[in-house]
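For reference, the structure is listed below as C-alpha cells.
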Amino acid sequence: MAVRNEEPHDGGQKKKVTFKPTPLMSTYLVAFVVGELDYVEDTTNYRLPVRVYATPGKAHKGKFAAEYGAKTLTYFEKIFGIDVPVEKIDLIGIPDFAIGAMENWGLITFRDAALLYDAETCSLSQKQHCAEIVMHELAHQWFGNLVTMDWWEGLWLKEGFATWMSYLAMDHFFPQWNIWEGFYTANVVRALDLDCLRSSHPIEVNVRTAKELPQIFDAISYSKGGSVLRMISDYLGLDVFLKGVSKYLKDHAYGCTVTTDLWDALASTSGKDVVSIMTTWTKKVGYPYVKVENGDGETKVTQHRFLSSNDVTPEEDTLYPVLLELLDASTGKIDKSLELRDRTSTIKTPFVFKLNAHQVGTYRTLYPSALVALLVDSVHLSSFDRAGLVDDMTAFSSCGLAPTTDLLKLLSSIKGNDSLIVWEMIAGAFGELDALLRFADKSTLVKLRKLRLFVLSAAPFDLTSWPEDEDEIVQQVKALLFAFAVSSEHPAVTGYAKGLFDSYIETPTTRINPNIMATVFKAGVAKGGEAEWLQLLNIAKTSKDSVIPNKAFSALGETPLAELKLKTLQLTLDGSVRNQDFLYPVTGVVSSAEGVRIYWDWFTANWTEIVAFLPPNGIGNILPRAVGLRFTSADDKKKCEEFYKERKEDAFARSLDQAFELVTTRIEWDQVEIESFLSAI
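With the sequence shown counted from 1, adding 13 to any position gets you the working numbering.
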C-alpha cells in the first residue's frame, strides 16, 4: 500500500514507516520487500505511479515492464469498468524467487529474469514472456485480489482468467505477434498433453490436504482453465463475453465466488444456456476426441474420452458438449452452429472439411487418412488448423488410434510453410519420436535424422543469414528452425553456430543475435571438448546479465563427454546454480541416451540432498524429468517404480503418477512400425 508517513526511529538508526490501510483482501496477498533497490517509473501518465524495482544496476531493464504495466492497467480498467483500488503499483524483480511471480496487491514480486528485459540479450520469446507474466499478474488485481475464489477448487477462476487475459492484452498491444498462436502452443497443447492422463484432475478439483495444493498449480488450472475461457468467449463473441466478465467482477467485488457465479453472469449478458455447455468442462476430468467417418455428403461423428493409454472404460467415457465449428476447406467458411452432445451424430459436410476450426475447442479430431491428405493441400486452412492436424496426429499415433506412418507421411508432406505455430508442432512431433527412439540402434537414429533433414529442407529460410533489420517474427520462426537444424546436426547450420560460439569465446563483446544465443551455446559445447565447456561455465558464473547464465547452464549438459555431464549436474549442488534454476543444467544432460542414464544414477544417489534444497513446490515440478520420462523400456520403468515405492508422498503423488503414465505411453508406442517406415526412406 502507499506510504502514509515516515519518521526517524531509535535515534535515527532506523526508520519507521506507516502504510495506509489495505482494501478488504485475502491474507495471502500481504507482502513486504526490504532491501537496497533502484527503480524506474512509467512515464505514460497513468493515474497511479507504476514502478519497477530491481537490485542496483538492473533497474533500467525494467522500462519495458513499467511502460506496458501502466498501459495494461489502463486497458483492463476500461474493459472491466472497474479501477484498481490501490494508490500505487510496484513490480519488484528478486534474484532468488521460488516461483515466477506473485500478485500481491500493489507490490507484485517477480523472479528478476522474468521481469527485466534487455534487447541485447533477450530473444523475442523472452520479451513476450516478460509481457505475458506482467500482464498475467496485473490481471490478478481483479481476478484473485478483487474477486477471490471461495476455495481451492476454484483456483482456475483466478489462474485461468489471468492466463487468458494476459494474451488478450498482448494481442491488443502487439497484434503483429499473432500471440493467440502462442496461446495455442503454450496453453491448449500443454493442457491436452496433461489432461489425456488418467491421473489428471478436473479444473474444479477437490483438494483434501495442504500438501496436495502445490500440485494443482499446473497446466489444468492455468492452461486448460484459460483454454475453456477461450472456447466460451469464441462461442459467445468477445464483446458479449467481456460484458459478462465485467458483471461478474462488479457483482462480487471484495467477495468470494464459485464457478457457477461466472456462468450465471455470462448467461445473463448473452441470453445463452452457458451452464449446460460449460459445466462438464470444469467438473469432469479429461476431454474428448471426435472420430470422423465421412461418406457421400454426410459424416458420422462419434466422441469418446481421449486417454493416452487408449483404454477408456464405459464409466470413464464422459459425454462432453462439443462445439464442432466446421470449416469448409474449399471456401474457408465456418459453421459455428453444430454441436455434438450425444455419443454419435450424423452431420452434413462438404467434400473437404475440418472440425474445430482454428483449434478453438479443447478436444482432438481423428480423420480418415484420405481426408488428412486432402486437408494438407487446402489453401483455406489457417496456421492453427495445420498445427492442430500435426499435434492431433502425434497424439493419436502415440496411443495407437492412428498408425504412426500417417504421422510420418504428414510430416513429410508439409512444404514451404513459414508459420511459427506449424513448425513448433512439427518440432514437437519429432521431439516425441526422438524420446521414443532415444535408445534405438544407430542405424534407426541415422534414418530418423535423415527424415528430420528432409522435412527441414522445406523451410523457406536461410538459417545462416541474420540481418539486423529482419522482421522480428521472421527471426522468431528462423530461431526455432535454427534450433531444430542444430539438433538434427544439419552440417551447414551446425558449423555456422559453432563458428559464432568460437568468435564469442574469443571476443566476448561479439554480438550474437539473442534469438539464437541459447542454440549457439549448445552447438559450441556439443561440438567442442573440455575447453569449450570450461569457457562457457566461466560465462555462466560471471555474467551479470539476468538471462545469459541460464542459457549457458542449459547448454553445458550438451557436452559429449560423460564426466562433464556429471560435473554439469553437480553444479546444482555446489552453489553454482540457484535452487530455483535446478532444471537448467539438467535439460542439456538428458538430451541424449547416455545423459538420461547418467542423470538417473546421479539423481537417485543424491535424492536426500536434492529434496532438502529444492523449494517446497519444487519436487513435484521436477518429477516428470526425475522419474526418467525419457526411458522407453519396461525394465527401466520397473527400476523407477522400485525407487519411488518408499519415497512417494502426498506432496508429489499426482505428479509422480502422471510421470509414470507418460513412460507407459512410450513403452507401448509401436516402435517396429516407425522403424519400418524409416527403413523405406
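We put the CB at the ideal spot given by N, CA and C, even for glycine.
Report task. Confirm, please, whether the CB-CB distance from D390 to F366 is below 8 Å. Result -> Along the sequence shown, one-based indexing puts residue 366 at 353. Along the sequence shown, one-based indexing puts residue 390 at 377. Not a contact, by the Cβ cut-off of 8 Å.
Query raised in the report: Among all the DSSP beta bridges, which residues are the ones paired with A67?
Result: Looking up residue 67 in the sequence shown gives position 54. Residue pairing by DSSP places A67 opposite D51 in a beta bridge.
Report task. Put R124 into one of helix, strand or coil per three-state DSSP. Result -> Reading the sequence shown from its first residue, position 111 is the one you call residue 124. DSSP places R124 in strand when its eight states are reduced to three.
**Report entry** Buried versus exposed call for T31 [16 or more other C-beta atoms within 10 Å across all chains shown]
**Finding:** Within the sequence shown, the letter at position 18 stands for residue 31. Taking all protein chains shown into account, T31 has fewer than 16 neighbouring C-beta atoms within 10 Å of its C-beta and is therefore exposed.
Query raised in the report: Is F93 buried or exposed, if buried means 16 or more other CB atoms sit within 10 Å of its CB?
Result: Position 80 of the sequence shown, counted from the start, is the residue given in the question as residue 93. By the 10 Å Cβ count, F93 comes out buried.
Query - Segment contact, 8 Å Cβ cut-off, at least three pairs: the region 237 to 247 with the region 208 to 221 - result: Counting C-beta pairs with one atom in each stretch, the region 237 to 247 and the region 208 to 221 have three or more that are closer than 8 Å, which means they touch.
Query raised in the report: Do M8 and A400 have their CB atoms nearer than 8 Å?
Result: In the structure as shown, the chain begins at 14 and stops at 694. Residue 8 is therefore absent and cannot be evaluated.
Query raised in the report: Taking Cβ positions only, does E659 come closer than 8 Å to chain B?
Result: Included in the structure is just one protein chain, with no chain B present.
Query raised in the report: Where V303 and A370 are concerned, what is the direct C-alpha to C-alpha distance, given to the nearest angstrom?
Result: To locate residue 303, count along the sequence shown from 1; it is residue 290. To locate residue 370, count along the sequence shown from 1; it is residue 357. Their Cα atoms are separated by approximately 13 Å.
Query raised in the report: For the alpha helix (DSSP H) that F32 lies in, which residues bound it at each end?
Result: The sequence position of residue 32 within the sequence shown is 19, counting from 1. Here F32 belongs to no alpha helix (DSSP H); instead the beta strand (DSSP E) covers K27 to F32.
Query raised in the report: Just checking my contact of V47 with L104 at CB under 8 Å: how many whole Å lie between their CB atoms?
Result: Counting from 1 along the sequence shown, the entry for residue 47 is found at position 34. Counting from 1 along the sequence shown, the entry for residue 104 is found at position 91. That belief does not hold up - the Cβ atoms of V47 and L104 are roughly 16 Å apart, past 8 Å.
Query raised in the report: So I105 is in the beta strand (DSSP E); what residue range does that whole segment cover?
Result: Start at 1 with the first residue of the sequence shown, and residue 105 comes out as number 92. Run containing I105: I102 to I107, per the beta strand (DSSP E) assignment.
Query raised in the report: So what does P21 bridge to, in DSSP terms?
Result: The count along the sequence shown starts at 1 and reaches residue 21 at position 8. Residue pairing for P21: DSSP places it in a beta bridge opposite K28.
Report task. Taking 8 Å as the cut-off, decide whether the C-beta atoms of F495 and V506 are in contact. Result -> Here residue 495 refers to the residue found at position 482 of the sequence shown. Here residue 506 refers to the residue found at position 493 of the sequence shown. Yes, the Cβ-Cβ distance between F495 and V506 is below 8 Å.
Report task. Please state if the CB of N307 and the CB of L379 are separated by a distance shorter than 8 Å. Result -> Residue mapping note: residue 379 aligns to position 366 of the sequence shown, counting from 1. Residue mapping note: residue 307 aligns to position 294 of the sequence shown, counting from 1. The Cβ-Cβ distance between L379 and N307 does not fall below 8 Å.
Report task. Measure the CB-CB distance between R245 and L205 and report whether it falls below 8 Å. Result -> Here residue 245 refers to the residue found at position 232 of the sequence shown. Here residue 205 refers to the residue found at position 192 of the sequence shown. Per the sequence shown, residue 245 should be read as Ile rather than Arg. Contact flag unset, no.
Requested in this report: Kindly confirm or deny that the region 156 to 170 and the region 133 to 142 touch, where touching means at least three C-beta pairs closer than 8 Å.
Outcome: Contact between the region 156 to 170 and the region 133 to 142 is absent, because fewer than three Cβ pairs lie under 8 Å.
Requested in this report: Starting from R318, trace the beta strand (DSSP E) both ways and give me its first and last residue.
Outcome: Locating residue 318 in the sequence shown gives position 305, where the first residue counts as 1. Its beta strand (DSSP E) spans residues E311 to R318.
Query raised in the report: Can we say the region 559 to 568 touches the region 534 to 551, given the rule of at least three CB pairs closer than 8 Å?
Result: Three or more Cβ pairs drawn from the region 559 to 568 and the region 534 to 551 lie within less than 8 Å of each other, which places the two stretches in contact.
Query raised in the report: Starting from R377 and walking both ways along the beta strand (DSSP E), at which residues does that stretch end?
Result: Here the question's residue 377 lines up with position 364 in the sequence shown. Run containing R377: R377 to L379, per the beta strand (DSSP E) assignment.
Report task. Could you check the C-alpha separation between S410 and L420 for me, to the nearest Å? Result -> As a first step, residue 410 must be located in the sequence shown, where it is residue number 397. As a first step, residue 420 must be located in the sequence shown, where it is residue number 407. Answer to the nearest angstrom: the Cα atoms are 7 Å apart.
Requested in this report: Just the C-alpha distance for Q26 and M14, rounded to the nearest angstrom, thanks.
Outcome: The residue given as residue 26 occupies position 13 in the sequence shown. The residue given as residue 14 occupies position 1 in the sequence shown. Straight-line Cα distance between these residues: approximately 24 Å.
Query raised in the report: Which runs of the alpha helix (DSSP H) fall wholly inside the region 580 to 655 and span at least 4 residues, in chain order?
Result: The region 580 to 655 contains, as complete alpha helix (DSSP H) runs of 4+ residues, the segments 596 to 602, 606 to 618, 620 to 626 and 631 to 639 (chain order).
**Report entry** Ranges of the beta strand (DSSP E) found wholly within the region 192 to 276, counting only runs of at least 3
**Finding:** Taken in chain order, the complete beta strand (DSSP E) segments of 3 or more residues contained in the region 192 to 276 are 268 to 270.
Query raised in the report: How big is the Cα-Cα spacing for S668 and S470?
Result: Within the sequence shown, residue 668 is the residue found at index 655, counting from 1. Within the sequence shown, residue 470 is the residue found at index 457, counting from 1. CA-CA distance, S668 to S470, rounds to 38 Å.
**Report entry** Cα-Cα separation between V335 and V99, rounded to whole angstroms
**Finding:** Counting from one through the sequence shown, the residue named residue 335 turns up at place 322. Counting from one through the sequence shown, the residue named residue 99 turns up at place 86. Rounded to the nearest angstrom, the two C-alpha atoms are 41 Å apart.
Requested in this report: Specify, as a first and last residue, the run of the alpha helix (DSSP H) that L421 falls within.
Outcome: In the sequence shown, counting from the first residue as 1, residue 421 sits at position 408. Looking at the DSSP string, the run of the alpha helix (DSSP H) that includes L421 is T417 to S426.
Query raised in the report: Ends of the alpha helix (DSSP H) at S516?
Result: For this step, residue 516 is matched to residue 503 along the sequence shown. Counting along the chain, the alpha helix (DSSP H) containing S516 begins and ends at P504 to E519.
Query - Beta-ladder partner(s) of F156, from DSSP - result: Counting from 1 along the sequence shown, the entry for residue 156 is found at position 143. V160, per the DSSP bridge assignment.
Query raised in the report: Can you tell which of V609, F254, I561 and V590 has its C-alpha closest to the C-alpha of Q573?
Result: Numbered from its first residue, the sequence shown carries residue 573 at position 560. With the sequence shown as reference, residue 573 is identified as Pro, and Gln is not the correct amino acid for it. Per the C-alpha coordinates, the member of V609, F254, I561 and V590 positioned closest to P573 is V609.
Requested in this report: State yes or no: is the C-beta of A127 within less than 8 Å of the C-beta of A152?
Outcome: Taking the sequence shown and counting its residues from 1, one reaches residue 127 at position 114. Taking the sequence shown and counting its residues from 1, one reaches residue 152 at position 139. In this structure, A152 does not lie closer than 8 Å to A127 by Cβ.
Query - Beta-carbon contacts of E659 that lie in its chain and below 7 Å, excluding the five residues immediately before and after - result: In the sequence shown, residue 659 corresponds to position 646, counting from 1. Taken in chain order, the list of residues that qualify is empty.
Report task. Compute the beta-carbon to beta-carbon distance between K71 and D125, rounded to the nearest angstrom, for a pair I have assumed lies under 8 Å. Result -> If you number the sequence shown from 1, residue 71 lands on position 58. If you number the sequence shown from 1, residue 125 lands on position 112. Sure, about 7 Å apart at Cβ, within 8 Å.
Requested in this report: State whether the region 57 to 64 contacts the region 78 to 87, with contact taken as three or more CB pairs (one from each stretch) at a distance under 8 Å.
Outcome: By the Cβ criterion, the region 57 to 64 is in contact with the region 78 to 87, since at least three pairs of Cβ atoms, one from each stretch, lie closer than 8 Å.
Report task. Flag this pair as touching only if the region 191 to 205 and the region 264 to 283 have three or more C-beta atom pairs under 8 Å; answer yes or no. Result -> Between the region 191 to 205 and the region 264 to 283 there are fewer than three C-beta pairs closer than 8 Å, too few to call the two in contact.
Query raised in the report: With contact counted as at least three CB pairs below 8 Å, one residue from each stretch, are the region 178 to 197 and the region 288 to 298 in contact?
Result: With contact defined as three or more Cβ pairs closer than 8 Å, the region 178 to 197 and the region 288 to 298 are not in contact.
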